[in-house]
Amino acid sequence: MIQVAIVAGLLQEYTAVVARMLEYMLNDAVLPLPARLRLLILRSLPFAPRAAP
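Counting from 172, one number per residue, gives the positions in the sequence shown under our numbering.
As C-alpha coordinates, this is what we get:
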(Lines of atoms letter the chains of each structure in order from A and count residues from 1; the text may use other names and numbers.)
(Lines give C-alpha, C1' and ligand atoms only; values in the text may rest on other atoms or scores of the structure.)
Protein backbone atom coordinates (compact mmCIF):
# COMPACT_ATOMS: atom_id res chain seq x y z
CA MET A 1 0.00 0.00 0.00
CA ILE A 2 2.84 2.37 0.78
CA GLN A 3 4.33 1.79 -2.67
CA VAL A 4 1.00 2.63 -4.30
CA ALA A 5 0.83 5.89 -2.35
CA ILE A 6 4.39 6.76 -3.34
CA VAL A 7 3.75 6.06 -7.02
CA ALA A 8 0.49 8.04 -6.90
CA GLY A 9 2.34 11.00 -5.38
CA LEU A 10 5.06 10.82 -8.01
CA LEU A 11 2.51 10.66 -10.83
CA GLN A 12 0.68 13.65 -9.40
CA GLU A 13 3.90 15.69 -9.25
CA TYR A 14 4.88 14.56 -12.75
CA THR A 15 1.48 15.56 -14.13
CA ALA A 16 1.74 18.97 -12.47
CA VAL A 17 5.20 19.55 -13.95
CA VAL A 18 4.08 18.53 -17.44
CA ALA A 19 1.02 20.79 -17.15
CA ARG A 20 3.23 23.73 -16.09
CA MET A 21 5.62 23.09 -18.99
CA LEU A 22 2.77 22.96 -21.50
CA GLU A 23 1.22 26.09 -20.03
CA TYR A 24 4.55 27.90 -20.31
CA MET A 25 5.06 26.80 -23.91
CA LEU A 26 1.52 27.72 -24.94
CA ASN A 27 1.32 31.05 -23.09
CA ASP A 28 4.67 32.28 -24.36
CA ALA A 29 3.83 31.29 -27.93
CA VAL A 30 6.83 28.98 -28.25
CA LEU A 31 4.56 26.76 -30.33
CA PRO A 32 2.89 28.57 -33.23
CA LEU A 33 -0.68 27.39 -32.63
CA PRO A 34 -3.91 29.29 -33.24
CA ALA A 35 -5.20 31.10 -30.16
CA ARG A 36 -8.39 29.04 -30.05
CA LEU A 37 -6.44 25.76 -30.02
CA ARG A 38 -4.05 27.07 -27.33
CA LEU A 39 -7.04 28.02 -25.19
CA LEU A 40 -8.62 24.56 -25.57
CA ILE A 41 -5.37 22.87 -24.57
CA LEU A 42 -4.85 25.17 -21.58
CA ARG A 43 -8.39 24.58 -20.33
CA SER A 44 -7.93 20.81 -20.44
CA LEU A 45 -4.69 20.75 -18.41
CA PRO A 46 -4.98 19.13 -14.99
CA PHE A 47 -3.50 20.90 -11.97
CA ALA A 48 -3.21 24.15 -13.91
CA PRO A 49 -5.03 27.42 -13.37
CA ARG A 50 -7.85 27.99 -15.80
CA ALA A 51 -7.10 30.39 -18.64
CA ALA A 52 -9.38 33.36 -19.03
CA PRO A 53 -11.38 33.28 -22.31
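Note that CB positions come from ideal geometry on N, CA and C, so glycine has one too. None of the values given here were measured: they were computed from a predicted structure.
May I ask you to report which of helix, strand or coil DSSP gives residue i?
i           : result
residue 211 : helix
residue 196 : helix
residue 181 : helix
residue 176 : helix
Output yes or no for whether 8 Å exceeds the beta carbon distance between residue i and residue j.
i           : j           : result
residue 213 : residue 184 : no
residue 176 : residue 217 : no
Label residue i either buried or exposed according to how many other C-beta atoms from any shown protein chain fall within 10 Å of its C-beta, with 16 as the threshold for buried.
i           : result
residue 211 : exposed
residue 182 : exposed
residue 207 : exposed
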